[in-house]
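One gets full-length UniProt numbering by counting positions in the sequence shown from 1 and adding 3 to each.
Glycine included, every Cβ here is placed at the ideal spot set by N, Cα and C.
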Amino acid sequence: DKILLEVQNLKKYFPVKGTKGPGVQAVENVSLFIRKGETLGLVGESGCGKTTLGRTILQLHEPTSGKIVYDGETIFEGADPWQKDAQGHATRVKVAKPKMVNMLPYRRKMQIIFQDPSASLDPRMTVGEIIGEALDIHKLYASKAERTDRIKELLGMVGLNTEHANRYPHEFSGGQQQRVGIARALAVKPEFIVCDEPISALDVSIQSQVVNMLEDMQNEMGLTYLFIAHDLSVVRHISSRIGVMYLGSLVELAESYELNKHPLHPYTKTLLSAVPVPDPEVSRQRQRIVLEGDIPSPMNPPTGCRFHTRCPYATKECSEAAPVFREVEPGHWAACHLLNK
Ligand code: SF4
């Protein structure tokens, strides 16, 4: 299938005031691609950089370095201004200005659905105004009547009534607010949507409704999703492939079934061990692995493999050299020295 989005060695560092170093190293050398029409799930604990990765792909944050190709067009390409020695100490070097494009046409094609709908909807605007604003930015109608019809149509698509157009976000439940967020994203007829933990803030009872709706929309409109979640159990049913992040790095990526059955990376194994399995046979084989210690700070990440301070299998090599993210088996990528033996 056609590749819609490709990311190569993407980095996003946030400078920290008063310090000379690279700052918060939120996304470290991430490479992945997403096929047209697929859902790529992205999981990892909070603070692992998955939201920053989603936003950097959309260039809501300017990438520090790497390459982003969307539908065959390079929309960002920049050399790495941070050179690291074997110990991981970074020095700033002079590099050419990154290549960037006018993002406006891509802002229409590439949308985002936020985690917290109440915070992402302007409380002073009615629902109709919120959706209408998205249509206005991209001038997606020929007449006022067409604009009104389109707002009504979008509300209907997400299961809301046309009368809801005159109401304000606070008059809605969390689930309804998220429907408004989805309608706003769909208003511009996007191709690719970053779903940034779209159900984590919602009541468990309505989470599956929203997921089902997103799946229906995908089928109807041929949408491609990057679906971010902190929990594997959310993404494994809806994703064709799943990527696992730890402290800014992508540590494993495989077909959803494959990742669940044959995880290769020690961190993925710990994540999976926390997911309840209905089959008692599988459950008995799968022991709960509990990691020691906290996630280190992305301001001062461990050298070598970023997971080495908590990995039960870490050796000296792991603290000295970062493992390469590579295709260990066809379609199954992972970054771990153990897999190179
Ligand atoms: Fe663990 Fe080493 Fe593999 Fe990192 S490279 S996951 S520390 S065994």
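Quick check: the Cα distance between residue i and residue j, rounded to an integer number of angstroms?
{"i": "residue 164", "j": "residue 275", "result": "40 Å"}
{"i": "residue 2", "j": "residue 103", "result": "Outside the shown range of the chain, which is 4 to 344, sits residue 2, and nothing can be said about it."}
{"i": "residue 99", "j": "residue 114", "result": "29 Å"}
{"i": "residue 133", "j": "residue 267", "result": "44 Å"}
{"i": "residue 277", "j": "residue 302", "result": "27 Å"}
{"i": "residue 122", "j": "residue 323", "result": "42 Å"}
{"i": "residue 326", "j": "residue 224", "result": "39 Å"}
{"i": "residue 159", "j": "residue 170", "result": "15 Å"}
{"i": "residue 215", "j": "residue 81", "result": "38 Å"}
{"i": "residue 97", "j": "residue 16", "result": "16 Å"}
{"i": "residue 155", "j": "residue 328", "result": "46 Å"}
{"i": "residue 298", "j": "residue 339", "result": "18 Å"}
{"i": "residue 195", "j": "residue 112", "result": "6 Å"}
{"i": "residue 24", "j": "residue 94", "result": "7 Å"}
{"i": "residue 105", "j": "residue 87", "result": "31 Å"}
{"i": "residue 208", "j": "residue 126", "result": "25 Å"}
{"i": "residue 85", "j": "residue 300", "result": "18 Å"}
{"i": "residue 152", "j": "residue 139", "result": "14 Å"}
{"i": "residue 306", "j": "residue 26", "result": "15 Å"}
{"i": "residue 344", "j": "residue 314", "result": "17 Å"}
{"i": "residue 79", "j": "residue 108", "result": "14 Å"}
{"i": "residue 135", "j": "residue 65", "result": "27 Å"}
{"i": "residue 110", "j": "residue 308", "result": "35 Å"}
{"i": "residue 89", "j": "residue 161", "result": "52 Å"}
{"i": "residue 176", "j": "residue 210", "result": "13 Å"}
Kindly indicate the opening and closing residues of the alpha helix (DSSP H) around residue i.
{"i": "residue 188", "result": "177-190"}
{"i": "residue 160", "result": "147-160"}
{"i": "residue 68", "result": "Unbroken run through residue 68 is the beta strand (DSSP E), 68-73; no alpha helix (DSSP H)."}
{"i": "residue 272", "result": "269-276"}
{"i": "residue 111", "result": "107-112"}
{"i": "residue 6", "result": "No alpha helix (DSSP H) contains residue 6, which is instead part of the beta strand (DSSP E) from 6-17."}
{"i": "residue 42", "result": "Taken as a continuous stretch (DSSP letters only), residue 42 belongs to no alpha helix (DSSP H), being part of the beta strand (DSSP E) at 42-46."}
{"i": "residue 133", "result": "130-140"}
{"i": "residue 60", "result": "53-60"}
{"i": "residue 319", "result": "319-323"}
Do the CB positions of residue i and residue j come within less than 7 Å of each other?
{"i": "residue 72", "j": "residue 55", "result": "no"}
{"i": "residue 116", "j": "residue 185", "result": "yes"}
{"i": "residue 190", "j": "residue 157", "result": "yes"}
{"i": "residue 181", "j": "residue 213", "result": "yes"}
{"i": "residue 263", "j": "residue 239", "result": "yes"}
{"i": "residue 4", "j": "residue 38", "result": "yes"}
{"i": "residue 118", "j": "residue 218", "result": "no"}
{"i": "residue 260", "j": "residue 310", "result": "no"}
{"i": "residue 76", "j": "residue 36", "result": "no"}
{"i": "residue 13", "j": "residue 69", "result": "yes"}
{"i": "residue 273", "j": "residue 294", "result": "yes"}
{"i": "residue 42", "j": "residue 241", "result": "yes"}
{"i": "residue 257", "j": "residue 167", "result": "no"}
{"i": "residue 337", "j": "residue 255", "result": "yes"}
{"i": "residue 227", "j": "residue 7", "result": "yes"}
{"i": "residue 342", "j": "residue 316", "result": "no"}
{"i": "residue 280", "j": "residue 229", "result": "no"}
{"i": "residue 304", "j": "residue 28", "result": "yes"}
{"i": "residue 33", "j": "residue 253", "result": "yes"}
{"i": "residue 172", "j": "residue 124", "result": "yes"}
Need the endpoints of the beta strand (DSSP E) that residue i sits in, please.
{"i": "residue 221", "result": "Note, residue 221: premise wrong, no beta strand (DSSP E); alpha helix (DSSP H) at 207-224."}
{"i": "residue 257", "result": "252-258"}
{"i": "residue 330", "result": "329-332"}
{"i": "residue 38", "result": "27-38"}
{"i": "residue 229", "result": "227-232"}
{"i": "residue 122", "result": "Residue 122 -> not in any beta strand (DSSP E); alpha helix (DSSP H) instead, spanning 120-123."}
{"i": "residue 247", "result": "244-249"}
{"i": "residue 76", "result": "76-81"}
{"i": "residue 238", "result": "Looking at the DSSP string, residue 238 is not in any beta strand (DSSP E); the run it does join, the alpha helix (DSSP H), is 235-238."}
{"i": "residue 297", "result": "Careful: residue 297 lies outside any beta strand (DSSP E) and carries neither H nor E."}
{"i": "residue 314", "result": "Premise fails: residue 314 is in no beta strand (DSSP E) and is neither H nor E."}
Sequence-ordered residues whose beta carbon comes within less than 5 Å of a heavy atom of the ligand SF4: This selection yields 269, 308, 310, 311, 314, 316, 317, 321, 326, 339, 340, 341.
Looking at C-beta atoms only, is the number of pairs between the segment 33-49 and the segment 240-258 that lie closer than 8 Å three or more? Touching, yes.
Across the segment 193-213 and the segment 134-153, are there enough close Cβ pairs to call them in contact, namely three or more that are closer than 8 Å? no
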